[in-house]
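Enquirer: Handing you a structure now.
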Amino acid sequence: MVRYRLTDLKTVREEGAWPFRVRDQHGNDEAFFLVPCENPDGPPVRAWYNSCTHEAQRLYRDEIGAVIRDGGIVCPKHGSIFDACSGECANGEAAGTTLPSVEIAVENDQVYLADDDVRFLAAGTAPDDDDDDGPSSTSHLQL
3 MVRYRLTDLK TVREEGAWPF RVRDQHGNDE AFFLVPCENP DGPPVRAWYN SCTHEAQRLY
63 RDEIGAVIRD GGIVCPKHGS IFDACSGECA NGEAAGTTLP SVEIAVENDQ VYLADDDVRF
123 LAAGTAPDDD DDDGPSSTSH LQL
């Protein structure tokens, strides 16, 4: 198994989330982000696919990062909340779904990409993500 060092735990905890891109085994470039996980029985961070399971809305955005409330990742369009540790959603339009993830490993406070099905491309969001004007929100969320 080949591992790639992404960042350290301190950075993820201080920033609240840390975005990165990978290329999957089919040649597709995909965006993920690390978030702190406060589950004592699991890893201290998790890596989730950067898109709501209900509708293609980025969960991590350069201008605001990821909105995390009470251990949940908030979708900026419809307000669905995904558990930061399990990726599961129990409310809103995405209820009953789970965010896709990639395997990571944490050793000596360093976070590594440890998924054999993907290859690290770069830290940050995709260049074309900056051109997005954001969601046309149909909710009354104030972030």
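Residues are numbered in the numbering used here as their position in the sequence shown, beginning at 1, plus a constant of 2. Glycine is no exception: its CB is placed at the ideal position from the N, C-alpha and C atoms. This one's a predicted model, so the numbers in the text were calculated from it and none came from an experiment.
(1) If we ignore side chains and look at the alpha-carbon of each, how far apart do Asp43 and Glu109 end up?
(2) Any heavy atom of the ligand GTP closer than 7 angstroms to the CB of Lys12?
(3) Helix, strand or coil for Arg71, going by three-state DSSP, please let me know.
(4) I need the straight-line Cα distance from Pro21 to Gly74, nearest angstrom please.
(5) With a threshold of 16 other CB atoms inside 10 Å of the CB of Glu129, please say whether the residue is buried or exposed.
(6) Please name the residue in Asp10, Ala97, Ala19 and Arg121 whose C-alpha comes closest to that of Val28.
(7) Can you name the residues that DSSP bridges to Ser103?
(8) In whole angstroms, what separates the C-alpha of Pro45 from that of Glu57?
(9) Thinking C-beta only, is Ala19 closer than 8 angstroms to Gly67?
(10) By a C-beta neighbour count over all protein chains shown, 10 Å radius and 16 as the cutoff for buried, is Val14 buried or exposed?
(11) Could you check the C-alpha separation between Leu101 and His80 for me, to the nearest Å?
(12) Determine the direct distance from the alpha carbon of Ser53 to that of Val113, and round the result to whole angstroms.
Expert: The short version:
(1) 16 angstroms
(2) In the structure on display, the ligand GTP does not appear, and there are no ligands present to speak of.
(3) strand
(4) 17 angstroms
(5) A small correction: the amino acid at residue 129 is Pro; Glu does not occupy that position in the sequence shown. Result: exposed.
(6) This sequence places His at residue 28; Val is not what is there. For the residues Asp10, Ala97, Ala19 and Arg121, the minimum Cα distance to His28 belongs to Arg121.
(7) Trp50
(8) 28 angstroms
(9) yes
(10) buried
(11) 15 angstroms
(12) 21 angstroms
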